[in-house]
Amino acid sequence: MAAIVPEFPVAQADILQSIVCELRTRAKGFKYNLKRWSIDVSRELEVERLDIETVDLFCHQSCLSVWSTGDMWFRLCKPGPRKFGGWEQNFAFQLWTSHNQPAKLVQTFKRTRSMHNRDACFAEWSDFNPRIDKSVTL
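Heads up: the sequence shown is residues 3 to 140, going by the working numbering.
Written as structure tokens, this is what we have:
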């Protein structure tokens, strides 16, 4: 089962548009094993932000936000089986990208969107200078 491919937004920032183009090119493979995914571009003051959100068949929820400044934020979580909610896993990283890595960024996001181990996921993002986001913990 594969998710429906969303509309691809147009970004003014070159780095964001190159990521959108990379996603469009890889859409068929990217949507495999996803229930749904979305792509959105928003603008706040002078900074543009690209948000990519996915939910896979095992309920892993991942979000990658990329700002036109090169800053990024990645979050991966899975709701817990508990009656009153909670998380089975929940972690986030702050990242940074140079403006010439859209293919590598999309490939890394695809590989890590369903990972169970925070340290392994952190290692996959090592090319993007990750810092653990202390505000999101299990």
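Built from N, CA and C at the ideal position, the CB exists for glycine as well. If you're wondering where the values come from, they're calculated on a predicted model, not measured in any experiment.
- By the 16-neighbour rule on beta-carbons within 10 angstroms, C61 is exposed.
- Runs of alpha helix (DSSP H) with 4 or more residues, each lying fully within the segment 55-108, are absent.
- In this structure, the CA atom of K33 is about 19 Å from the CA atom of V43.
- Look at K37 here: in three-state DSSP terms it is strand.
- For V22, the uninterrupted alpha helix (DSSP H) run begins and ends at 16-27, by DSSP.
- Per DSSP, the unbroken alpha helix (DSSP H) holding F124 starts and ends at 120-126.
- Counting of Cβ neighbours within 10 angstroms places Q19 among the buried residues, the total reaching 16 or more.
- In the three-state reduction of the DSSP assignment, R113 falls in the helix class, which pools H, G and I.
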